[in-house]
Amino acid sequence: MFKTIVFDLDGTICHHKASYPKMFFEIFGEQFNKHSDTWLRHMLHNGEHTGLEAVQSCFPEMSPEEQKNALDTFTYRWSEAQVPFTGIFEAMALLKANFGCQIGVMTNGPSQFQWAVMNKLGLSEHVDFAYASGDPFPAECKPSIPLLRKLQSQRNFEADTALFIGDNLEKDIKPAREAGWSALHVAPHDDKTVPLPLSDFTKAAKQDSLLKVNWSSLTA
Ligand SMILES: [Mg+2]
Numbered sequence: 001m002f003k004t005i006v007f008d009l010d011g012t013i014c015h016h017k018a019s020y021p022k023m024f025f026e027i028f029g030e031q032f033n034k035h036s037d038t039w040l041r042h043m044l045h046n047g048e049h050t051g052l053e054a055v056q057s058c059f060p061e062m063s064p065e066e067q068k069n070a071l072d073t074f075t076y077r078w079s080e081a082q083v084p085f086t087g088i089f090e091a092m093a094l095l096k097a098n099f100g101c102q103i104g105v106m107t108n109g110p111s112q113f114q115w116a117v118m119n120k121l122g123l124s125e126h127v128d129f130a131y132a133s134g135d136p137f138p139a140e141c142k143p144s145i146p147l148l149r150k151l152q153s154q155r156n157f158e159a160d161t162a163l164f165i166g167d168n169l170e171k172d173i174k175p176a177r178e179a180g181w182s183a184l185h186v187a188p189h190d191d192k193t194v195p196l197p198l199s200d201f202t203k204a205a206k207q208d209s210l211l212k213v214n215w216s217s218l219t220a
């Protein structure tokens with residue numbers, strides 16, 4: 001069955017309880033709208049980046065130290081606003097034990113932002129590998145079939161033994177299927193629900209419908 005399962009991060013493993021524009025205003029003292037074009041162009045950059053580039057580009061009048069401090073504050077506060085979906089780490093452990101697979105994470109974003117979130121969640125204790133698109137590896141964003149091939153060679157697995165789990169059809173699911181992976185489109189939630197046997201989970205990964213899932217309902 002699956003030898004490698006790769007999860008998306010935002011909206012799949014965790015969600016946030018904060019307003020991004022509000023946080024931006026509290027840190028920089030200016031409306032997010034005024035800077036959003038430049039800011040997002042840097043934040044969504046398809047290559048290696050930390051997040052500092054966005055601060056430097058939007059606030060060139062700040063000293064390098066102020067820029068660094070502002071980014072540190074933003075990434076820290078953003079990470080503090082993240083909440084894992086109930087049962088996600090138990091679900092990962094169950095999948096790992098059942099399939100004997102490696103578990104990974106592939107998330108889009110600047111390395112400092114994404115790693116602040118992943119460290120806040122203690123993700124490294126639960127997964128075998130995790131990459132932000134802004135990291136030196138892979139330095140590439142989803143959606144991308146070449147990105148998935150890079151993961152395959154880096155982590156030594158074949159497409160037909162891999163499963164991608166994500167909440168975004170365009171970025172997570174379509175490229176995975178085109179690359180010959182299995183893919184499971186999920187809408188995680190924390191509401192009460194009936195148990196989801198692993199066999200039904202596996203079946204869902206073979207179909208192309210959206211699975212509304214409470215991760216804590218996954219059972220062997
Ligand atoms: Mg997502």
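First residue of the sequence shown? That's 1 in the UniProt record's numbering, and the numbers climb one at a time after it. No residue lacks a Cβ here, since even glycine has one placed at the ideal position from N, Cα and C.
Kindly list the residues whose CB is nearer than 7 Å to the CB of residue i, restricted to its own chain and excluding five residues on each side of it in sequence; keep chain order.
i	result
HIS35	CYS58
SER216	THR86, GLY87 and GLU90
PHE113	GLY51, THR75 and TRP78
PHE28	PHE59 and ALA70
PRO84	ILE13, CYS14 and LEU121
ARG155	THR4, GLN102, GLY104 and PHE129
With a threshold of 8 Å on Cβ separation, who are the neighbours of residue i within its own chain once the five nearest residues in sequence on each side are excluded?
i	result
HIS49	HIS42, PRO110, SER111 and GLY134
ALA93	HIS126
GLN67	LEU52, VAL55, GLN56 and PHE59
PHE99	MET1, PHE2, LYS3 and ILE5
TYR20	PHE32 and TRP78
TYR131	GLY104, VAL105, MET106, THR107, PHE137, PRO138 and LEU151
PHE25	GLN31 and PHE32
Between residue i and ligand 1, is the CB less than 6 Å from at least one heavy atom?
i	result
ASN98	no
ASN168	yes
GLY11	yes
ASP191	no
ASP8	yes
So the alpha helix (DSSP H) residue i belongs to, where does it begin and stop?
i	result
MET118	111-121
ALA205	198-206
LEU211	LEU211 -> not in any alpha helix (DSSP H); beta strand (DSSP E) instead, spanning 211-213.
ALA54	52-58
residue 245	Outside the displayed range of the chain (1 to 220) lies residue 245, so it cannot be described from this structure.
Less than 6 Å between the CB of residue i and some heavy atom of ligand 2, yes or no?
i	result
THR73	Ligands in the displayed structure: ligand 1; ligand 2 is not one of them.
Can you give me the start and stop residues for the beta strand (DSSP E) that residue i sits inside?
i	result
PHE7	4-7
To which residues does DSSP link residue i through a beta bridge?
i	result
SER182	LEU163
PRO188	VAL213
ASP10	CYS14
LEU218	LEU196
Keeping to the same chain, check which residues put their C-beta closer than 6 Å to that of residue i; ignore five residues upstream and five downstream.
i	result
residue 223	Given a span of 1 to 220 for the chain in the structure shown, any question on residue 223 remains unanswerable.
ALA139	GLY47 and GLU48
GLY11	ASP167
LEU196	SER217 and LEU218
PHE7	ILE13, VAL105 and ILE165
HIS16	ALA81 and GLN82
ALA18	ALA81
For this session: List in chain order: all unbroken alpha helix (DSSP H) runs of 4+ residues lying wholly within the region 15-44.
Result: Given a length threshold of 4 residues, each whole run of the alpha helix (DSSP H) inside the region 15-44 is given here in chain order: 20-28 and 32-43.
Fill in: Length at least 4, wholly inside the region 64-141: the alpha helix (DSSP H) runs in chain order
64-80, 88-99 and 111-121, all fully within the region 64-141.
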